[in-house]
C-alpha cells in the first residue's frame, strides 16, 4: 500500500529523482577514483586515468540509471503506454488501412449499439415505477375448441370484486384508455387519456411531482395537466388539476398482448365506472404483487377467483369473444415489462442477431486486413524479435493495436449510433414500438458498446497474434531477406481465405433474410384491398370525427349532423362523390359481431358491421354485384335493410349474388331482422395480410347504437388537400367544439397498414447491404493481396506463354472457389436460420426458392465483380518487370 | 529488460544482498559507496558489490519503505545520499536473518552428510 503511494509520488518527482541519482552516482564515481588514486600512492585530486578507470568499473551509466529507476516504475502500464504510442504511430503511417478498419468497426459497433439501445429501451430497461418487477397485468384466457381465446379486459364490477378478495397483491388498479377532447383553450384538442381507479398511482408506486394523487376514499373528480388547482375542460366537463406527474413519468397503455401501444398518456382521470352492469369488459387490471409472491402463485389465486361465478359472472360479457360458460378460465399475470412486447420482441431479437452478424463480418474483415498487414510487417516484427522481444511481448503489441483500433472504432460507433437513432426513430411507424422514450444511449448501452469492442479486439487482435505464435513465423527473417517469395505466406493465406469464405456465408444469411422480407413485401402490396383507393376519378379522402356524448347524446342529433354535413360536403368544389361510414377499412376501429340468417343455423362467422350512407360503394369503388345501394329513403322510419358482401351471401345461397336478395339477416341475437337489398364485392377491411372479412352494411340513418358517434366522411376527389380544408371549414362552422381526429387518404391508410413490414424490410435490407459492402471489401482485399503476392508466379506463367485470359481465369477461379464455398455454407445456414422470420412473412415460406436463388446469384456476381478488378490488374503484369523485381 | 534484474553477477547467494545492506545500515546510516566499502572490507574482499546491483537494490528497498534516503554531508565534506534503516527495515532484517540462517543450516546439513 505504502509502496504504491511512494511510487505514485515518484511519478511527479521524476526529475528530482533523476538528479539525485545522478549526484549519487557521481559521488560514488569520485570516491572510487580517489580510492584508485590512493592505491597508486598519488595524493591530491585523482588523475584522469583514475577517473576513467572508475567510470569503467561503474559500467554503462544509462543502464545503471534504468535499473535504479525500475523498482519505482509501473512496468506494465508503461509498456502499455509505449505500445499504444507505437500503435498510433503505425496507424498514422498507414492511413488507408486505418480508415478502412475504423470505418468497418465503427459501422459494425455503431449498428449494434443503435439496435441494442432500441432493444434495451423497449424490452429490458426497468420501467420508471417502484419495484417494476412486481407489477403485473392480469388477463384471462380460455381453452376452447377453436384454440386459446385471450381476454385482456374485465368488467369494472369484476374488478371491484377481485380487488376485495385478492390476497397475493399489495394493490390492484384498473385503467381504461379513452380519447377525450380538451376544450376551452384554442382549438379543441384530442388528448390521449386513461380512466384509472383511484389507487392507480399508488399501485405504480409513483408520486406526483406537484400536487397530489387521487383520493382513494372520496369520490374525487380531478386530474392533472398544467397547473395544480387550475380548471380544464375535458369532454365538456370542467375538472380541477390536482397533481402534476414527474417529467420522466411514462405510461403507454398496451392494447391487447402483442399488437399496439397507444401514445403516451397525457391525462389521467379518476373513475369508478358507476352504472357498470358487469356486462361490458373494458378495463385493464394492473396489480402489484406482494413482495415474495411469484407470478405462478398470483395466477393460481386469480384463476380460483375468476372461476367463482359470484365474482366474474360467466357467459354474459357482451357478444364478441364472450367468456364461455362452463369452461374453466385461466388467469394470467404477465409482467408489465413484457406485456405487449410480443411481436416487437421477436423483431428486435432478430435485428440484434442480424447486426451482430454485421459486426462479426466487420471484425473478421479487419482481422484479415491486419493479417495481410502483418505479412508486410514481417520485417519489422522479425527485427524486433531478433533484438530480444519475446513472443509474448510481440503478441501483446498486436493485441494493443487491436485494442486501440477497437476503442477508436467504438467511439466512432457510438457517435454513429447517436446519429442513426436520431434519424430513424422518427421514421418508426406509429405504434410499432412501445416505450420509445426508453431509447437513449446511456451508461448501460455504453457498457454494451465497450463489451462489443472487447469482442472485436479479441477477433481482430487474437487471430493475427496467434499466427505470430505459430511456428511459421520463425522463417520471418529469412523472408524479410527477400528469399524465395514466389507464392507468399501459404498458411496465413489459407486462414485469410477461410475468413473471407465465412464472411460470404454470413452475408448470404443476412441477404437471404432481407430477400425474404422483400419478396414477402412485394406479395403483400400486390394484394388488392377490394376497393379502389385511387383511380381515374381521383383518390378517396377520409376525414374522421368523433361526436362526444356530452354534445351529441341522442342518435337523432348524430343522424342530423351527419346528414347536414354530407349535403354540404357533396356540394364542395372538387368533390366527385361523398358518403360516410363509421368504421372505414384500414382504420383504427373495426366492429364485428356474430349474425343470424333467417331460417338457417347460426353461421360460424363474425361479420364486420359498418354503418354507411348512400353512395359509399360508389365513392370507394366497391362493385355492387346485385340489388341496389342504400338511398336517402332508407331512413330510421323506413323498413330496416342491409347490404351484404359476397362472402356472406355465399353463406346462404349457392347461386349468383342476385339470389341473395330478399333474405333477412340479424345482427346479434336481440336485434331486428334486416332485409338484404344488395350484394357487394368482398373487401379486406383490416389489412392486406388479413383474410377477406364477411361484411354486413347497415344504413347509418337506421342505426341507434353507440358506434355511430364515430363518423368518417369519405369523398372521391382529384384535389384531396383543398377538399380536406373545405370539410374542415364546414365542420368548424357546424360544430366549433368538435375536434377532427384524422384526415387520411385511403392510399395513406393502406400504406400505413404496411408501414411495419416496410420498416422491417428496410432495416434488414440496410444491414444486409452493409454486410455485403464489407464482405465485398473482404474479397477485393484478399484477391488484390494475393495478386500482389503472386506477382512473380504470374509473371513466370506469362513468360511461359500464359494468355491474359488464362491469368484472368486463374484469379477468378480462385475467387469463385472461395465465394462458392461461402455460399454453400451460407445456404445451409440460411435454411436453418430463416425460420425465425416465419411470423413476419406473408405468402412466402422461410425457404422461398425465389429469394434463395436470386440472392445467391446476386452475391456470387458481387463477389466475382470484387475479384474482377485485381484479376484485371494481374493480366496487366509485365512479365519482364515482375521477374526482374526480385 | 527483465533478465537484468537477476543477472547481476555478484557472487552472493541470491537474496542475500538486501540482507547484507540492511545489516550494514543497522549499525549506522551510510551512503552507497560506504555500504559497498563496508561490505568489501568486512568480508575481506571476498564480496565485491557491483554498483549495478547495489543501487537498484537500494531503490527497491526505498520503494518498500525499509530505508529512508536523505542528503547529508559526508566525512570528507561532500554532499552524499545517506540511507537510514526504518522500523520496517529493522523488522525485515530480522526476517531475512532468520530465513538465511535456516537456509544456511539446511545447506550445511546437506553438505556435512557423507
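Protein chains in written order, with the numbering used here: chain W, 240 to 1125; chain Z, 58 to 171.
C-beta: ideal position from N, C-alpha, C; glycine also.
Can you tell me the Cα-Cα spacing of residue 652 of chain W and residue 658 of chain W, whole angstroms? 10 Å
Using a Cβ-Cβ cut-off of 7 Å (strictly less than) and excluding sequence neighbours within five positions of residue 521 of chain W, which residues of its own chain qualify? 392, 415
Leaving out five residues before and five after residue 1048 of chain W in sequence, what residues of the same chain have Cβ atoms less than 8 Å from its Cβ? none
Quick one: what's got a C-beta closer than 7 Å to residue 157 of chain Z's C-beta in the same chain, skipping five residues either side? 73, 76
For residue 942 of chain W, does the count of other Cβ atoms within 10 angstroms reach 16, so buried, or fall short, so exposed? buried
Taking the beta carbon of residue 252 of chain W as the centre, do at least 16 other beta carbons fall within 10 Å, making it buried, or is it exposed? exposed
For residue 496 of chain W and residue 738 of chain W, I'd like the C-alpha separation in whole angstroms. Low confidence applies here, because residue 496 of chain W scores a pLDDT of 45, under 50, leaving its location unreliable; read the following figure in that light. So the two alpha carbons sit approximately 43 Å from each other.
Distance CB(residue 111 of chain Z)-CB(residue 92 of chain Z) smaller than 9 Å: yes
Please confirm whether residue 263 of chain W has its beta-carbon closer than 9 Å to some beta-carbon of chain Z. yes
Could you confirm whether any beta carbon from chain W is found closer than 9 Å to the beta carbon of residue 85 of chain Z? no
Which residues of chain W have a Cβ atom closer than 7 Å to the Cβ of residue 132 of chain Z, listed in chain order? What residue 132 of chain Z touches in chain W: nothing, since even the nearest Cβ is about 11 Å away.
Can you give the Cα-Cα distance for residue 1054 of chain W and residue 600 of chain W, rounded to whole angstroms? 18 Å
Classification of residue 170 of chain Z by the beta-carbon crowding that lies within 10 angstroms, buried from 16 upward: exposed
Using a Cβ-Cβ distance under 9 Å, would residue 303 of chain W count as near chain Z? yes
DSSP-derived helix/strand/coil call for residue 103 of chain Z: coil
Closer than 8 Å between beta carbons: that is the criterion. Which residues of the stretch 134 to 155 of chain Z meet it against chain W? 135, 136, 137, 138
Tell me which same chain residues have a C-beta within less than 8 Å of the C-beta of residue 511 of chain W, skipping the five on either side of it? 395, 436, 437, 458
Look up residue 512 of chain W in the DSSP assignment and say whether it is helix, strand or coil. coil
Comparing C-alpha positions only, which one of Z:141, Z:136, Z:124 sits nearest to residue 266 of chain W? Z:136
How about residue 848 of chain W and residue 985 of chain W: do their beta carbons lie closer than 9 Å? no
Residue of Z:90, Z:84, Z:80 minimising C-alpha distance to residue 131 of chain Z: Z:90
Tell me, please, whether the CB atom of residue 623 of chain W is closer than 9 Å to any CB atom in chain Z? no
Beta-carbon separation (whole angstroms), residue 408 of chain W vs residue 528 of chain W, contact threshold 8 Å: 6 Å
Would residue 505 of chain W and residue 431 of chain W be called neighbours here (beta carbons separated by less than 9 Å)? yes
In chain order, what residues of the same chain lie with their CB nearer than 7 Å to the CB of residue 1101 of chain W, ignoring the 5 residues before and after it? 1011, 1015
Cutoff 8 Å; reference residue 958 of chain W; Cβ partners in own chain excluding five residues on either side: 777, 813
Beta carbons nearer than 7 Å to chain Z: which residues of the stretch 241 to 261 of chain W have them? 241, 242, 245, 246, 259
Interface partners of residue 334 of chain W on chain Z, CB under 8 Å: Residues of chain Z passing the Cβ test: none, with the nearest at roughly 32 Å.
Using the rule of at least 16 other Cβ atoms within 10 Å of the residue's Cβ for burial, across every protein chain shown, is residue 871 of chain W buried or exposed? exposed
Going by DSSP in three states, residue 980 of chain W sits in which element: helix, strand or coil? strand
Report the three-state DSSP secondary structure of residue 127 of chain Z (helix, strand or coil). strand
Is the CB-CB distance between residue 1069 of chain W and residue 748 of chain W below 9 Å? yes
According to DSSP, simplified to helix, strand and coil, what is residue 412 of chain W? strand
Who are the near neighbours of residue 721 of chain W in its chain, counting only those whose CB is closer than 6 Å to its CB and skipping five residues on each side? For residue 721 of chain W, the pLDDT reaches just 42, beneath the cut-off of 50, and the residue's location in the model is therefore unreliable, leaving the point undetermined.
Identify every residue that forms a DSSP beta bridge with residue 136 of chain Z. Z:130
Compile a chain-ordered list of the residues in the stretch 105 to 117 of chain Z whose CB is closer than 7 Å to at least one CB of chain W. 108, 109, 112, 113, 116, 117
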